[in-house]
Amino acid sequence: MVLDYSQLAWLIPLFPLLAFLIVTALGRQAKELSVYVSIIASIASFALAVLILLGRLGAHVDNYTWDNFQWIKAGNFVLNMGFEVTNLNALMLFIVTLVSLVVNIYSKGYMKEDERISVFFGYVALFTFSMLGVVISVNIVELYIFWELVGVCSFLLVGFWYFKPEAKAAAKKAFIVTRIGDVGLFIAVLLLFWYMPDHQMDFTSIHNAFSGGHNAISGGVITAIAILIFVGAAGKSGQFPLHTWLPDAMEGPTPISALIHAATMVAAGVYLVARTFDIFLASPDALTVVAIVGGFTAIFAATIGTAQNDIKRILAYSTVSQLGYMMMALGIGTWMSYSASIFHLLTHAFFKALLFLGAGSVIHAVHTQDIHEMGGLAKKMKITTITFAIGSLALCGIFPFSGFWSKDAILSEAYDHNRILFWVGLIAAFFTAFYMSRLFFLVFTGKSRSHADAHESPASMTFPLIVLSVLAVVAGFVFIPQLNPWLGRWLTTAQIEDKANWTVMILSTIAGLGGIFVGWAVFSKGWIPRDLITARAPWIYSVLNRKYYIDELYRVAIIAPLRGIGILLNLFDDYVVDGVVRLAASFALALSSWGSKLQNGQLQSYGLMTLLGFVVLALALVGRRFIHAG
C-alpha cells in the first residue's frame with residue numbers, strides 16, 4: 250500500500266526556498282558549495298513530489314487542502330492561505346521538480362566557468378520555489394502572488410548576463426509583455442472577488458460556483474472573467490499576440506531556456522486555464538477564443554520556425570507552437586481534450602527540455618548559435634546527436650515516441666469537434682517536422698564548418714540528456730488515449746471512452762514523415778535547392794525570417810506613440826510644471842531681494858516708507874468713500 254504524502258506538499262517549494270537563502274548567505278565565494286546545496290534541494294523536492302504522485306495513482310484519492318493560515322480578515326471576509334494537492338497539481342509537481350533537477354545538474358557543467366555561478370543557482374532556486382508555489386496555491390489570490398514572483402525571477406534569469414545589451418533588452422521585454430497579460434489576470438481576480446458568493450476565492454469554491462450549469466453569475470460576466478484569465482495565461486505561455494518576449498528570452502543562459510521553455514514558466518499559462526477550467530466550460534464563447542488563438546498560434550509560430558537560423562530561437566518558436574496546441578485542445582472544451590492538453594504538457598516537458606539542453610551542449614562545443622556555422626557534429630558528439638535525434642522525433646510526433654501519442658490525442662479531438670482546427674494542427678505538424686529536420690541535418694550531418702576542436706560535453710551535461718531522452722521515449726506509453734485513457738479518468742474523474750482514430754494517426758504520421766523527408770531532401774541530399782523559395786519568392790523568406798514583422802509593427806503602432814507621449818509629458822514637465830515652480834521661486838527671490846534692500850538700517854528710508862504707506866492708506870479710504878457716495 251502506497252502512503253499519501255499530500256500533507257507534506259508544503260515542503261516541496263520550501264526546499265528550493267531554503268537553498269536560495271543559503272546560497273545568498275554564502276555569497277559568491279562559496280561557488281562549489283552553492284551548486285551542491287541547490288542540487289540537494291532539487292533532489293529533496295523531486296523525491297517528495299514522486300512520493301505524492303505515487304500515493305495518488307491508485308484508487309480515487311480525495312483532494313488534500315490545508316488553508317488554516319489567516320492572511321486577511323476584514324469584517325466578515327476572511328482570506329486564508331495554504332496549499333492544495335489534486336491529481337492535476339501532483340502531476341505538475343512531478344514535472345516541475347524533475348525538470349528543475351536535471352537543469353541544476355546540467356548547469357553544474359554548463360555554468361562552471363561563470364564567475365557568478367552561485368548567483369545563478371540562487372536565482373534558479375528562487376524561480377523553482379515561485380513556480381511550485383503557483384502549482385500548489387489553494388486560492389487564486391495566492392496563485393497570483395506567486396505568479397508575479399515567477400515573472401520577477403524570469404526577469405533576473407533572462408537578464409543574467411546583464412553586461413550584454415541584448416540580454417538587458419530581452420529581460421525588460423519579457424517583464425513588460427508578461428505584465429500586460431498579468432493585468433488581465435489581475436482584473437479577473439477582482440471580478441471573481443466581486444461576484445463570487447461570500448467573496449470566496451479558493452479553487453474549490455470556484456469549482457462549485459461554476460460547475461453544474463446553474464450559475465448565479467451572468468453569462469457575460471463569466472465570459473469576461475474567462476477571457477481575462479486567458480489573457481494572463483497568454484502572457485506567460487507566449488500565445489499570440491503576447492508571444493514576442495519568448496524567443497528573445499533566448500539571450501539568457503541555455504539551462505534557463507530549458508527551465509523556462511519546457512515545463513515551468515511557459516506551462517504556467519496552460520496550467521492556469523486547466524486549473525480554472527470550470528469557468529471556461531461555463532462560457533462557450535471563451536472556449537472558442539481559446540481554441541482559435543491556440544490554433545492560430547500553433548501554425549503561426551511553426552511557419553516562423555522554418556526561417557530562423559539561431560538554434561535556440563528555432564526551439565523557442567517550437568515552444569510557442571506546441572503551447573498553441575495545448576491551448577487549442579483546452580479550447581475544444583471536452584474532458585478528453587483537456588486530458589490531451591495536459592498529456593502533451595507532460596511529454597513536451599521532457600522532449601523540449603532535452604532539445605534545449607542538447608542545443609546547449611552544441612553551443613558549449615562550437616561557441617555559436619547559428620546553425621549555418623555548424624555541421625558534422627554527429628562524428629564528434631555522439632551522445633548529444635543521438636539524444637537530440639530522439640527529442641526531435643518526439644517533437645515531430647513520430648511513432649512510437651511520446652509526442653506521437655500526445656499530439657495525436659489533440660488532433661483526434663480536433664478532428665471530432667472542429668475540422669478546421671484539425672487541419673490547422675496537421676499543417677503545423679508538417680512545418681514542425683520540416684524545421685526540426687532542417688535544424689538536425691544542418692547541425693549534425695554534412696561537412697564540419699571550422700570546428701575542429703568540438704568535442705562531447707562533460708558527464709554532468711550528457712547524463713541529463715540521457716535521462717530526458719529515455720523519458721521522451723517512454724512517457725507516451727503511460728497514457729495512450731487511443732487504447733487506454735486512464736490518465737484522463739485520473740485527472741478528471743470523467744467517463745472517457747477508449748477510441749482509436751486511425752485516420753488521424755495515418756494523416757499525422759504522413760505529415761510528420763513528409764516534413765522530415767522534405768528537410769532531408771533539401772538540407773542533406775540536396776535534391777531540392779535550398780534557395781528555391783528565397784530565389785523565386787524572397788519576400789516569403791523575409792516575412793518568415795522577420796517573424797511577420799510583429800516586432801516592427803509594435804514599435805510603430807505602440808512603442809513609438811508611447812515614446813512620443815512620453816516626450817510631450819517630459820516637455821510639459823520641464824517647461825510648464827517646472828516653469829511655474831521656477832517662476833514662483835524667482836518671484837520669491839526678487840521679493841526677498843527688494844525687501845532686503847528696504848531693510849538697510851537708515852531711519853530716513855523707514856520714515857519715507859511709513860509716509861508712502863500712510864498716503865496709500867489715505868487714498869484708499871478716500872476712494873472708498875467716493876465710490877459709496879457715487
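Just so you know, we're using the numbering used here here: the sequence shown kicks off at 250 and counts up by one.
The C-beta atom is built at its ideal place from N, Cα and C for all residues, glycine as well.
These numbers were taken from a predicted model, which means no experiment stands behind them.
Straight-line gap, residue i to residue j (C-alpha atoms, nearest Å)
i    : j    : result
E662 : I288 : 40 Å
T783 : L644 : 26 Å
E333 : D657 : 31 Å
P649 : F671 : 21 Å
L440 : I474 : 7 Å
F884 : G324 : Because the chain here runs from 250 to 879, residue 884 falls outside it and cannot be looked at.
I292 : W396 : 23 Å
L266 : A374 : 6 Å
Y882 : A274 : Lying before the first or after the last residue shown, residue 882 is absent from the chain, which here runs from 250 to 879.
K629 : N338 : 41 Å
I777 : I635 : 26 Å
N457 : I528 : 10 Å
V522 : A550 : 21 Å
S349 : I729 : 26 Å
L762 : F526 : 34 Å
I476 : T537 : 10 Å
A298 : L340 : 8 Å
L720 : M380 : 22 Å
S403 : F424 : 8 Å
A809 : K422 : 15 Å
A724 : A268 : 30 Å
V871 : F836 : 31 Å
Assigned exposure category for residue i - 16 Cβ within 10 Å defines buried
i    : result
Q488 : buried
K631 : exposed
Y824 : exposed
L282 : exposed
P713 : buried
G813 : exposed
A806 : exposed
H597 : buried
Y684 : buried
T752 : exposed
F351 : Note that residue 351 is Val in the sequence shown, not Phe. That one is buried.
N819 : exposed
K796 : buried
W654 : buried
Q853 : exposed
Contacts around residue i, its chain only, beta-carbon distance under 8 Å, and the 5 residues preceding and following it disregarded
i    : result
V792 : Y798
W315 : Q256, W259, G331, F332, E333, V387
Y587 : A523, F526, A578, L579, G737, L740, T741
L717 : V351, F599, F600, A602, L603, L606, T636, G640
Same chain, Cβ closer than 7 Å to residue i, five either side skipped, listed in chain order
i    : result
F442 : H448, M450
V390 : L328, V438, M450
L642 : F650
S757 : G646, K656, D657, L660, L675, A678
I765 : C645, A682, S686
Y195 : No information on residue 195 is available, as it lies outside the stretch 250 to 879 that the chain covers here.
F318 : N329, M330, G331
L392 : V383, S386
A279 : S367
8 Å Cβ cutoff, residue i in contact with chain D
i    : result
V719 : Among the chains in the structure shown there is no chain D, since it carries only a single protein chain.
Residue i - partner residues in DSSP beta bridges
i    : result
S386 : F332
F326 : A323
F318 : M330
Y313 : V334
D451 : N388
Beta-carbon proximity list for residue i, same chain, < 6 Å, skipping 5 on both sides
i    : result
I455 : none
Y790 : A556, I782, T783
G580 : L536, V539, A540, G543
D619 : N558
G358 : P707, S709, M710
L300 : Y254
F689 : S641
Y411 : K417
W320 : L328, M330
Distance cut-off 7 Å: residue i Cβ against heavy atoms of the ligand NAP
i    : result
Y254 : Questions concerning the ligand NAP fall outside what the structure shown contains, since it holds no ligand whatsoever.
- Query: Touch check for the segment 399-418 and the segment 491-503: three-plus C-beta pairs under 8 Å?
  - Reply: Touching, yes, given that three or more Cβ pairs across the two stretches are closer than 8 Å.
- Task: Tell me, please, whether the segment 355-366 touches the segment 535-550 by the rule of three or more beta-carbon pairs shorter than 8 Å.
- Result: Contact between the segment 355-366 and the segment 535-550 is absent, because fewer than three Cβ pairs lie under 8 Å.
- Item | the segment 546-562 contacting the segment 624-641, beta-carbon criterion three pairs below 8 Å | Output reads no: the segment 624-641 does not touch the segment 546-562.
- Query: For the 8 Å Cβ check, are there 3 or more pairs between the segment 767-782 and the segment 699-713?
  - Reply: The segment 767-782 vs the segment 699-713: no contact.
- Item | Touching by the beta-carbon criterion (3+ pairs, under 8 Å), the segment 427-437 and the segment 478-492 | Contact between the segment 427-437 and the segment 478-492 is present, because at least three Cβ pairs lie under 8 Å.
- Message: Under 8 Å: do the segment 673-685 and the segment 705-723 share three or more Cβ pairs, one atom per stretch?
- Response: The segment 673-685, when compared against the segment 705-723, does not touch it at the 8 Å Cβ threshold.
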